[in-house]
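**Q**
6 protein chains.
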Amino acid sequence: MFYHVKHLQYHAKPERPDPVYAKKLQEILGGQFGEISVALQYLFQGWNTRGDGKYRDLLMDTGTEELAHVEMLATMIARLLDGAPVGDQEAAAKNPVIGAVLGGMNPQHAIVSGLGAMPADSVGNRWTADYIIASGNLLADFRMNLTAESQGRLQAVRLYEMTTDPGVRDMLSFLIARDRMHQNQWYAAICELEEKENIVVPSTFPTHLEKQEVAHTFFNLSEGHESSTGRWASGPSMDSLSEFTYVAEPGAFGRIPRLRPAPPYIHNTPIVDKPHVPPMF
Amino acid sequence: MFYHVKHLQYHAKPERPDPVYAKKLQEILGGQFGEISVALQYLFQGWNTRGDGKYRDLLMDTGTEELAHVEMLATMIARLLDGAPVGDQEAAAKNPVIGAVLGGMNPQHAIVSGLGAMPADSVGNRWTADYIIASGNLLADFRMNLTAESQGRLQAVRLYEMTTDPGVRDMLSFLIARDRMHQNQWYAAICELEEKENIVVPSTFPTHLEKQEVAHTFFNLSEGHESSTGRWASGPSMDSLSEFTYVAEPGAFGRIPRLRPAPPYIHNTPIVDKPHVPPMF
Amino acid sequence: MFYHVKHLQYHAKPERPDPVYAKKLQEILGGQFGEISVALQYLFQGWNTRGDGKYRDLLMDTGTEELAHVEMLATMIARLLDGAPVGDQEAAAKNPVIGAVLGGMNPQHAIVSGLGAMPADSVGNRWTADYIIASGNLLADFRMNLTAESQGRLQAVRLYEMTTDPGVRDMLSFLIARDRMHQNQWYAAICELEEKENIVVPSTFPTHLEKQEVAHTFFNLSEGHESSTGRWASGPSMDSLSEFTYVAEPGAFGRIPRLRPAPPYIHNTPIVDKPHVPPMF
Amino acid sequence: MFYHVKHLQYHAKPERPDPVYAKKLQEILGGQFGEISVALQYLFQGWNTRGDGKYRDLLMDTGTEELAHVEMLATMIARLLDGAPVGDQEAAAKNPVIGAVLGGMNPQHAIVSGLGAMPADSVGNRWTADYIIASGNLLADFRMNLTAESQGRLQAVRLYEMTTDPGVRDMLSFLIARDRMHQNQWYAAICELEEKENIVVPSTFPTHLEKQEVAHTFFNLSEGHESSTGRWASGPSMDSLSEFTYVAEPGAFGRIPRLRPAPPYIHNTPIVDKPHVPPMF
Amino acid sequence: MFYHVKHLQYHAKPERPDPVYAKKLQEILGGQFGEISVALQYLFQGWNTRGDGKYRDLLMDTGTEELAHVEMLATMIARLLDGAPVGDQEAAAKNPVIGAVLGGMNPQHAIVSGLGAMPADSVGNRWTADYIIASGNLLADFRMNLTAESQGRLQAVRLYEMTTDPGVRDMLSFLIARDRMHQNQWYAAICELEEKENIVVPSTFPTHLEKQEVAHTFFNLSEGHESSTGRWASGPSMDSLSEFTYVAEPGAFGRIPRLRPAPPYIHNTPIVDKPHVPPMF
Amino acid sequence: MFYHVKHLQYHAKPERPDPVYAKKLQEILGGQFGEISVALQYLFQGWNTRGDGKYRDLLMDTGTEELAHVEMLATMIARLLDGAPVGDQEAAAKNPVIGAVLGGMNPQHAIVSGLGAMPADSVGNRWTADYIIASGNLLADFRMNLTAESQGRLQAVRLYEMTTDPGVRDMLSFLIARDRMHQNQWYAAICELEEKENIVVPSTFPTHLEKQEVAHTFFNLSEGHESSTGRWASGPSMDSLSEFTYVAEPGAFGRIPRLRPAPPYIHNTPIVDKPHVPPMF
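Protein chains in written order, with the numbering used here: chain P, 297 to 577; chain V, 297 to 577; chain H, 297 to 577; chain G, 297 to 577; chain Z, 297 to 577; chain B, 297 to 577.
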């Protein structure tokens, strides 16, 4: 269970309102790689971890911190929306700055949330659990976590470039630093697991059940051979099990598929002279 | 532009129909980490790559291959649905096997797709681009690609355990091997980029603009200290810029937030004795 | 079944076109608490009502009226879009008013709907039945109806503040009045049901099967004790069954959860020295 | 910011695994009125509250508790999935109990989450922020909260009826009791606000701007007059401003709408002999 | 505006409950091509029609009828769910018929809707306005309407095959007949418009602005020449403007794209020796 | 399987960047009727075609071409975004052109995709497979294909009107011409199938099982008789099976529905004096 303290983990106070920027900042609150995503992703991974110990604790520590980041961003967005104008075009025509604000802000910040933050991204798509994963396999999940922190920090950095407000930048400099730490930590945890398990997820599937002849082969399926110069095209494979090979003109292993007609009760396109279809059971 | 050849990249023929398994197999066709996801993710990343060369080619090669995997799975699913029964409970009551099939198959495979594959997952959620990312930053994106191949291979392996059909297992053994190769290749590409850029994405944001004091610090925000024993809690940070530190009882850096009342035209809860709110402009 | 008459329930004619406002007005047509939501919510509740009588009739009366409101809003939006410009930036640069319109209108009003209303909200999210509920329990559902009319009227009032067009305001003054009536009517119906059933939904679950000791207890799980001053923290409970109590420092009733390892065929993270897991069946 | 303690708020341990019930229990974890919905709804309402004091504290207290309920349900679901079978139809045919489990469980619990809980409902729809609202108007929002606790308790009670497992029922008896308290508390808070503001949301819109003649009128728009017998059809209105009136045969106030043709650059259906359409600007 | 009469447009009474079939029948109520889709699609097209007359009336007539079909299906589904069991696996084990029902019914029919119909499809996806279109161009829209009636009738016919209940089949025989009429009517309306406008939508774009040399050309982009034998590969084009031509080995008209590097403030992958990028403005 | 060649099918180079237009152009890339929709729709229809031959080949040819269109649009959008500004309001205030760009562009083009195209429409809704269908019945599906090409060409033409950039117009003139061809081809294929099967889908359901008396009847369910003047109201039906008839005042065929009360374990609204409900089994 959880306890909440009132102090923010870090300051979240802009120097002045900026409703247009509030719209943009929603991306790292409620977007695909925003703070809601990492908070719920880490918590679900933690709750589903079978086997106590440091990984579960790591997930709960970090998921709990991300809730604080959601809180900081929600607070910052509410303040950026302070006193946002909602007037009509006539008023806007008289004052170009208000006009720009009215044109660029998210209308739902006024109509729906009453100048509050929303669980949505910078164009208004509501947050969805489609964004997250908790698979039960920690190496697979930590890779998603490293991805989320990478994409999230990238977005925070781009948002940093989009404002000159010292208060906003101060908060972003905190979040960007935390994203550095979180990339570091998932990287460290991944290294630990890769050392134990080899790099390919899942590590527990018997290798001989895979089609060996294509397990370390690069297929050149698009024009041009630039891809042949990469590390993935020759030399020992990263999993140390074989050598990479490069197939310049890969062909098909399978046949031309021919599907059997559907039974009449499906009412697909009627086929003249249809072959005999024996019943399933 | 693309050309299509009729032969499948690999065989996709089950020994016998199995509509219940067809439903499950949809997961790696149209689910969060299914083949549609990787195909469109790699192609969009390739099309958006600014700077020609081996990475764009690598993305186009692999994205094009994934289209072939979509095709193989669609074919396999159509065959698993061959002659699927659609009858009512009465018929089912007379034949427990048909009853089990009717209860376990996806009704849309009969009603909507006419015994064909659908761009949906194993519970019927339609595929959505919420699943994918192409950010313009290749290290961030390759990490997502490695994640997708890890989660996708994990799911393929679990599906392998759920059938004994030799034809299905044969196809899965091919896909599982390709997922091994693809994990290897994104791993190799990631290593190249990390060597050039350091491990933290993006590498181009000036370090001094980050809040240094929290950039390598672990905050213990959940009860218990198991997380202190991990590699992420002490020793040199993975980005080689500092030392990890562990804060056992982290406090707040920020203040208790107090938001200003909304202007009257927003019609939020009326506040008695409300403080003066100067207009925005 | 239904019949349609051509006259609008009320006027829906703006004084002049305003494509930017058309975009905003979409919120109460196709948004979370827009007219499509209340129309379909009331009709589904009506169709599902088991037990004829006044509540079913009430639902059908009101659901049928809401269809007329959808129609009024669709008509108003089409007129606000009359002759909307679609030109490019060059033209816009020459005329700031056109520029403001082009920047602020929803591009789909030109590209997709051809200057017609859309079943979407003010940022373009398509209407979804995620917004509505028909549970079979009328008290639970009437509370949702009262909520929908409250949120909907709030949004209509905010939209009233965003325009000075007399025609738009005239139509909104009708809708805002109807929302007053509808809040009144659901309130009245709720009072009737609460009198019969007590206030807690559902009223038919045996009280002794609930964990009595926490059924009227307030847990203070966030810092600060402001919440202790509310009506919910002391005095007789609203359901008249007990007294409210306030727990200033609530603890846990449960234990630390320890999950059993997953079976090998799930291929979760391998656990060294894993405990014996007996099979399920 | 938040802290996490390891102990569950209440026990979450079934007597035995039941993967089919795990699927159903997802409804109150990740469904429309599940615990994720109330947790995020209350937290967002709390963060957006402008004006400190008891309501913000109330929201933070309760939102923080709901996170503990998400945790309990996630733990319970993981345990209900312990050792869930994943085999094929052949195996199922040999053992009807396994067959029933395989047919009734959510395949994503094996393929996607590796026997863990998912942020999804009982048919697999992922959680979406479409479910929740934080409007800045507390009376409107508390009504949504009362609704959510009513629908949520109703679902919990129905789920109680669907199992005989003492461990599951024990946990549900706790949640059902908490939902009683939460209905009580929102009811109490609503009473306070209604006393101050009158019952119609928002209370701050000048009454004279509403179309008075329809503000307390019931329109009988569906066949039958059962609705005329309700409290909403006669007597003083609930907002004490007027008397309810019942219109047995309501007519239209508006005209037949005639829309102007679209400009040629929209390429709608060409209209022969179209009337002159003056340009917008 | 609308009026509702209590009588159903046609009977909707099954001979006996069948909760499993109720789940399937949801497809034509709330699925992609279900009755909600056609009702709202026709109504929105009608409301957006610019130019009064027979097409607007046609749309309103048919849209209003579809609301009656939604009602019939909702009623039928509620009756199919009459007294549906909700018990647990133990009870199910004792009675295979109940077991089959429990395994095959939609759990939300019990937990969420209380034995009522839902605005969702046969696997539980909620209805979304993503399914429909009203473009302002009637020929384009009537083609969508003909499509919807074709897909809808196909699904109704498949559902007819899935039951032997005389009451259900009776209702379906009505809906299937209406879908025949509706296919006929959209077909008739399409013929009228095509006669006036030629077959290509939109008919108002000047032909000379199209790239003439590819306007009637078939590109053979997949292996095999079966497509060359169709009507579309030779002979006069259907729009009577030219002759179809078949290109057996189509090449590219464009060049290899080379994108310019992103500016530094975007923080994409850093490019060594990047070319000079002049600023945009 | 597929091969990719580097050359674009046609040029995709604007004369100058235009980030605002890039946002709009997303509609025909990732919108409801954009190129992703037709590509995946045709490919899935092709893969599901049971019966080899010209229709499968036709579908694969065209689906493969649409992938090239996705590529062209992605390339064009990336170029329209070249060097897009991301600055704040202050900078914008100094330069009205930059201000207009900042206000009108999609913020995700900077924050999320790093100046790349996205699988989304012009307001940012991510692409979803809700948009497409592959039913197994080719006549039903070809009608959807003709619809998609009609709606898609309409949108491309509207976008042509929205720009004066010669490079963008050149590419659109190619796509508009291809949409002409594709309308022609689906039209031709439809004619072939209609000749064989009659016009009503599906053609294989026995006519006598339909409710004959309503199979060719037009119901006038909305006020006014304009619809009686259409081809669909009199004369031989389009399917040549009967005569159209027009019912000016259609009544109900069914009864007033009365639903049985729900069983107690569902906890719907309690009904006093409820009738006896015999158990289901």
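We treat Cβ as the ideally placed atom computed from N, Cα and C, and that holds for glycine.
1. Who are B:Y299's beta bridge partners in DSSP?
2. Give the range of the beta strand (DSSP E) segment to which Z:T541 is assigned.
3. For my contact list, V:P415 and V:I324 are in at a C-beta cut-off of 8 Å; report their separation, rounded to the angstrom.
4. In this structure, how does DSSP classify V:A558 when only helix, strand and coil are distinguished?
5. Here's the rule I'm using: 16 or more other beta-carbon atoms within 10 Å means buried, otherwise exposed. How should B:E545 be labelled?
6. Kindly provide the ranges of any alpha helix (DSSP H) runs that are 4 or more residues long and lie completely inside the segment 379-430 of chain H, ordered along the chain.
7. Which residues mark the beginning and the end of the beta strand (DSSP E) in which Z:F617 is found?
8. Within 10 angstroms of its Cβ, does P:E539 collect 16 or more other Cβ (buried), or is it exposed?
9. Under 7 Å between C-beta atoms, does Z:V301 make it to chain H?
10. Give me the residue from Z:A364, Z:S431, Z:Q451 with the minimum Cα distance to B:L517.
11. So, helix, strand or coil for Z:L505, using DSSP?
12. With distances taken from CA atoms, which of H:R556, H:M401, H:V334 is nearest H:A585?
13. So with CB distances below 7 Å, who are the chain G contacts of P:A511?
14. According to the neighbour-count rule (16 or more other Cβ atoms, all chains shown, within 10 Å of its Cβ), is H:K320 buried or exposed?
15. Per DSSP, what are the beta-bridge partners of Z:P532 in this structure?
16. Could you give the DSSP three-state label for B:S524: helix, strand or coil?
17. Taking all protein chains shown into account, do 16 or more other C-beta atoms lie within 10 angstroms of the C-beta of H:G531, making it buried, or fewer, making it exposed?
18. What first and last residue would you give for the alpha helix (DSSP H) that runs through G:K309?
19. Skipping 5 residues on each side, what residues in its chain have a beta carbon closer than 6 Å to that of Z:Y427?
20. Could you check which residue in Z:I486, Z:V497, Z:D466, Z:Q451 has the C-alpha nearest to that of Z:G326?
21. Would P:G326 pass as an interface residue toward chain B - the criterion being a Cβ-Cβ separation below 7 Å?
22. Using a C-beta cutoff of 7 Å, does P:H478 count as contacting chain V?
23. For the candidate residues V:Q508, V:E367, V:A374, V:H307, whose alpha-carbon lies nearest to that of V:A413?
24. Just checking: is the beta-carbon of P:T500 within a distance shorter than 7 Å of some beta-carbon in chain H?
25. Are at least three pairs of beta-carbons, each pair with one atom in the segment 471-482 of chain P and one in the segment 431-446 of chain P, less than 8 Å apart?
26. Could you please give the first and the last residue of the uninterrupted alpha helix (DSSP H) stretch that includes G:R277?
27. Return helix, strand or coil for P:S499, following the three-state DSSP convention.
28. For H:Y351 and B:R554, what's the separation of their Cα atoms in angstroms?
29. Bridge partners for V:S518 per DSSP, in chain order?
30. Taking 7 Å as the CB-CB cut-off, is V:V316 touching chain Z?
31. With 7 Å as the limit, tell me which residues of the segment 433-453 of chain V have their beta carbon closer than that to any beta carbon of chain Z; keep them in chain order.
32. So which residues of chain B does H:F298 contact, with C-beta pairs closer than 8 Å?
33. Just to make sure I have the definition right: I need the residues of chain P whose C-beta is within less than 7 Å of the C-beta of Z:I562. Which are they?
34. Interface residues of chain B around P:E323 at Cβ under 8 Å?
35. Closest to B:Y306 by CA distance: which of B:A548, B:P502, B:R474 is it?
36. Nearest chain B C-beta to H:V496 closer than 7 Å, yes or no?
**A** This is what the structure holds:
1. DSSP, once it has assigned bridges, lists V:Y299 as partnering B:Y299.
2. 541-543
3. V:I324 and V:P415 do not touch by the CB rule: their CB atoms are close to 13 Å apart, not below 8 Å.
4. Looking at V:A558 - three-state DSSP - the assignment turns out to be coil, as it is neither helix nor strand.
5. Per the 10 Å Cβ criterion, exposed.
6. Scanning the segment 379-430 of chain H for uninterrupted alpha helix (DSSP H) segments of 4 residues or longer gives 385-390, 392-400, 403-407, listed from N- to C-terminal end.
7. Nothing can be reported for residue 617 of chain Z, as the shown portion of chain Z is limited to 297 through 577.
8. exposed
9. yes
10. Minimum Cα-Cα distance from B:L517 among the listed residues Z:A364, Z:S431, Z:Q451 corresponds to Z:A364.
11. helix
12. Because chain H spans 297 through 577 in this model, residue 585 of chain H falls outside it and cannot be assessed.
13. Within chain G, no residue comes near P:A511; the closest Cβ sits about 22 Å away, beyond 7 Å.
14. It is buried - the Cβ of H:K320 has at least 16 other Cβ atoms within 10 Å.
15. Z:E539
16. helix
17. exposed
18. Neither: G:K309 is in no alpha helix (DSSP H) and is coded neither H nor E.
19. Q328, S333, listed in sequence order.
20. Z:Q451
21. no
22. no
23. V:A374
24. yes
25. yes
26. This structure cannot settle anything about residue 277 of chain G, because the visible part of chain G is limited to 297 through 577.
27. P:S499 sits in coil when the DSSP states are folded into three classes, being neither helix nor strand.
28. Approximately 13 Å between the Cα atoms of the pair.
29. As computed with DSSP, V:S518 is found in a beta bridge with G:H300.
30. It does not: the Cβ of V:V316 has no partner Cβ on chain Z nearer than 7 Å.
31. Cβ proximity to chain Z below 7 Å picks out N433, L434, L435 from the segment 433-453 of chain V.
32. L517
33. R454
34. The contacting residues are P403, Q404, I407, V408.
35. Ranking B:A548, B:P502, B:R474 by Cα distance to B:Y306 puts B:R474 first.
36. Answer no: the Cβ-Cβ gap between H:V496 and chain B never drops below 7 Å.
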